[in-house]
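Residue numbers (this note's numbering), protein chains in the order written: chain A, 1 to 505; chain B, 506 to 616. Every residue gets a Cβ at the ideal spot worked out from N, C-alpha and C, and that includes glycine.
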Amino acid sequence: MENTSRRSFIKGSMAGAVAVASGSFASAAVAQQPKTWDETVDVIVIGSGFAGLAAAIEAKKAGANVVVLEKMPTAGGNSIINGGILTATGCPQQKMHKIQDSKELLEKDILVAGNYMNDPKKVRQMVDRVLSNYEWTVNELGVEYLPDAIGQEGGHSVPRYVTTKIGSGAGIVNKELEKCKEFGIPVRTRTYVDRIIRTPEGVQGVEVFEGYRFPKAGSGKPKSIKANKGVVLCYGGFSADVPYRTIQDPKLNATLDTTNQPGATSELWRETSNIGCMQAQNDWIQCGPWGNPHEKGMGIGWQFNQTAAAEYGLWTNSAGKRFVNELANRKVRADAIMVEQANGRKCFAIADANGIKPFVAQRPGMLDKQIERKLVMKYDTIDDMAKAQGIDPEQLKKTIAEFNGYVKSKNDPVLGRYINNEQLPVETAPFYIGELQPKVHHSMGGLITDDQCRVLDVKTDKPIKGLYAAGEATGHVHGAVRLGSVAILDCLVFGRMAGENCAKS
Amino acid sequence: MLLSCFLAVCFTGFAQAAEQGKFGADRHVAKGVPCAACHGEKNEISAPDINQCTKCHNPDELVEKTKNVKPQNPHTSPHYSNQLECTLCHVQHAEPENYCAQCHNFDFKVK
Chain A
1 MENTSRRSFI KGSMAGAVAV ASGSFASAAV AQQPKTWDET VDVIVIGSGF AGLAAAIEAK
61 KAGANVVVLE KMPTAGGNSI INGGILTATG CPQQKMHKIQ DSKELLEKDI LVAGNYMNDP
121 KKVRQMVDRV LSNYEWTVNE LGVEYLPDAI GQEGGHSVPR YVTTKIGSGA GIVNKELEKC
181 KEFGIPVRTR TYVDRIIRTP EGVQGVEVFE GYRFPKAGSG KPKSIKANKG VVLCYGGFSA
241 DVPYRTIQDP KLNATLDTTN QPGATSELWR ETSNIGCMQA QNDWIQCGPW GNPHEKGMGI
301 GWQFNQTAAA EYGLWTNSAG KRFVNELANR KVRADAIMVE QANGRKCFAI ADANGIKPFV
361 AQRPGMLDKQ IERKLVMKYD TIDDMAKAQG IDPEQLKKTI AEFNGYVKSK NDPVLGRYIN
421 NEQLPVETAP FYIGELQPKV HHSMGGLITD DQCRVLDVKT DKPIKGLYAA GEATGHVHGA
481 VRLGSVAILD CLVFGRMAGE NCAKS
Chain B
506 MLLSCFLAVC FTGFAQAAEQ GKFGADRHVA KGVPCAACHG EKNEISAPDI NQCTKCHNPD
566 ELVEKTKNVK PQNPHTSPHY SNQLECTLCH VQHAEPENYC AQCHNFDFKV K
């Protein structure tokens, strides 16, 4: 009796599975469209960060009439406050420093950090364009990078990031905005997308509030905009949205600060769920391990903690011991810091007079500013530093001596830290120190798209007509953990692809 | 209905501004700057942007004037250079705001 009913249940569920695969089920939620549209364009891009602006530029080049919608009073989203580091395997700066790298090594690093939860096809699409993307920013946008600096974020096998001259993603975004201006693409700020209109035929357009005053719900004047070709979703992540991120990962509650701008909120994550877009891995949310607790947001302290200390110094806890590979991926490092903090220990980033040199060369004046704001402290001896910061001095000296042994042998047998070709022993005064505090930084999950950046339907797995997506709003590129300096690559490569494909559809 | 609510809020806002006489717009008026200087001859510019402000205020001169403000010069930034919308801080018909303080600990005194 039991066996019979179990068998029929299995039969039933298999029949269901076959039906879904053959697409005989109806696609997901549909909405009423407005009786008349207030405006009609070819392509609507939602969001004005790296991805949205790249999409708009390519859509325009493909002949479409494009508008970019941005809810905040300023354009650029989170990208304009981003740290401005771009993975650029094969770039001249890597060659100058004689660094051996390849697309295959980059691909492997991304998949390893992602716990192989990435879609390998997406990763391949991205790494195939790693050099052409760098060249596009230089040749087509006119972005200026530091000509001789090559950096290494955690989880990368070798140094491979270039840095914008102004040390911010604004160095790229402002060039994209200039290009939009040149092409006559309107970037409309204070325009809040309230609904995405999806009918059985596909996505038709959006309903917005113009003159929206963030964060005042319902402010501004309602308007409907029809998109003849489609809508490109580049609405970014939700790190600044405490309720939504706490639903996804309850430990990321209001006690944690975020590196993100206040507009990094979830309303379009919720809206795309509502209209039946496939989403995955939304609870893989990254904290930046290199944040500094003595300032708000992303700030500037991270630049010492990462570029000086993680790359050319060491990280220790208040017991004076190293607690993590300083160049492990961001999740490993952020989790390690949180464990130390849960055990009542603070975490610190330390570099000496030699260790700060590459950072000082990259960012002239920045160290002085960090010292002035008391984000980084400077001491004549390791003893003075340890005592002032509440670190066990004897253990710290022992730890540094051990680390210097690893520098000389170019091998860290304990934590497996990559030893930079240009790393010197940490022994020359003055000594510099900054505190570490993880801050919510990046949403790895999001919309699932096909190889043409078309968003998939939650019930049929088929692309939704007229709906494209790129950037932090999408998932499957980074899997479990995004490597530092790969976000800009992701946003620009897939933003451009989404914009072009939408315009040509 | 919505529109009338919106207007009511606006007019209340203006009335308060006039009574208290402390907002940026009041100081403009006290110095003899007419409404039309910002809002246009036919009041056609409802929300004036930086293009209106820079007809009188030179951004480069403002950057120079505040170059010693700590911890950061408020009139230039790595994100927006000197082109951030003026009224994000210098709200003219309500209390001024420290826009940078959304993300930074900059204790700017905004007028």
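Tell me, please, whether the CB atom of residue i is closer than 7 Å to any CB atom in chain A?
i	result
A523 of chain B	Here A523 of chain B scores only 47 on pLDDT, less than 50, and its place in the model should not be relied on; the value that follows carries that caveat. Chain A, which has no Cβ nearer than 7 Å to the Cβ of A523 of chain B, makes this no.
P539 of chain B	no
H544 of chain B	no
H580 of chain B	no
P583 of chain B	yes
P576 of chain B	yes
Determine whether the Cβ of residue i lies closer than 7 Å to any Cβ atom of chain B.
i	result
P293 of chain A	no
R363 of chain A	no
K296 of chain A	yes
I166 of chain A	yes
V493 of chain A	no
P262 of chain A	yes
M497 of chain A	no
Ends of the alpha helix (DSSP H) at residue i?
i	result
D461 of chain A	Unbroken run through D461 of chain A: none, as it is neither H nor E.
E326 of chain A	Unbroken run through E326 of chain A: none, as it is neither H nor E.
L106 of chain A	K103 to A113
L507 of chain A	In this structure chain A extends from 1 to 505, so residue 507 of chain A is not present and cannot be described.
C502 of chain A	A487 to K504
Q557 of chain B	I555 to C558
G288 of chain A	G288 of chain A -> not in any alpha helix (DSSP H); beta strand (DSSP E) instead, spanning I285 to G288.
R482 of chain A	Unbroken run through R482 of chain A: none, as it is neither H nor E.
P243 of chain A	V242 to Q248
C591 of chain B	First-last for C591 of chain B: undefined, no H or E at that position.
Start and end of the beta strand (DSSP E) containing residue i?
i	result
M377 of chain A	V376 to Y379
T199 of chain A	T191 to T199
F348 of chain A	C347 to D352
P222 of chain A	K221 to L233
E569 of chain B	From DSSP, E569 of chain B is part of no beta strand (DSSP E) but of the alpha helix (DSSP H) over P564 to K570.
Q204 of chain A	G202 to E210
So is residue i buried or exposed if we call it buried at 16+ other beta carbons inside 10 Å?
i	result
A217 of chain A	exposed
R270 of chain A	exposed
S22 of chain A	Only weak support is given to the placement of S22 of chain A: the predicted model assigns it a pLDDT of 42, under 50, and the question is left unresolved by the model.
R330 of chain A	buried
A254 of chain A	exposed
G344 of chain A	exposed
T581 of chain B	buried
Y145 of chain A	buried
S409 of chain A	exposed
N78 of chain A	buried
D257 of chain A	buried
H562 of chain B	exposed
D565 of chain B	exposed
E500 of chain A	buried
M497 of chain A	buried
G537 of chain B	exposed
V67 of chain A	buried
S527 of chain A	Because chain A in this structure spans residues 1 to 505, residue 527 of chain A falls outside the shown range and cannot be described.
Q521 of chain B	Because Q521 of chain B carries a pLDDT of 47, less than 50, the predicted location of this residue cannot be relied on, and no value is offered for it.
Interface residues of chain D around residue i at Cβ under 9 Å?
i	result
E590 of chain B	Any reference to chain D falls outside this structure, whose protein chains are A and B.
Using a beta-carbon distance cut-off of less than 8 Å, what residues from the region 55–88 of chain A approach chain B? P73, T74, G76, I80 and I81
Any beta strand (DSSP E) of 3 or more consecutive residues that is wholly inside the region 398–456 of chain A: 431–435, 439–443 and 454–456
Contained beta strand (DSSP E) runs [length at least 3] in the region 28–88 of chain A, N- to C-terminal order: 39–46, 66–69 and 85–87
For the region 299–319 of chain A, list every residue whose C-beta sits within 8 Å of some C-beta in chain B, in sequence order. G299
Just by C-beta distance, which residues in the region 369–380 of chain A are closer than 8 Å to chain B? K369, E372 and R373
Residues in the region 136–170 of chain A having any Cβ partner in chain B nearer than 8 Å: I166, G167, S168 and A170
Mind listing which residues of the region 430–446 of chain A have their C-beta closer than 9 Å to chain B's C-betas, in chain order? none
Identify each residue in the region 594–611 of chain B for which the Cβ-Cβ distance to at least one residue of chain A is less than 7 Å, and report them in chain order. Q607, C608, H609 and N610
What alpha helix (DSSP H) runs, 4 residues minimum, are completely inside the region 94–182 of chain A? 103–113, 120–127 and 130–136
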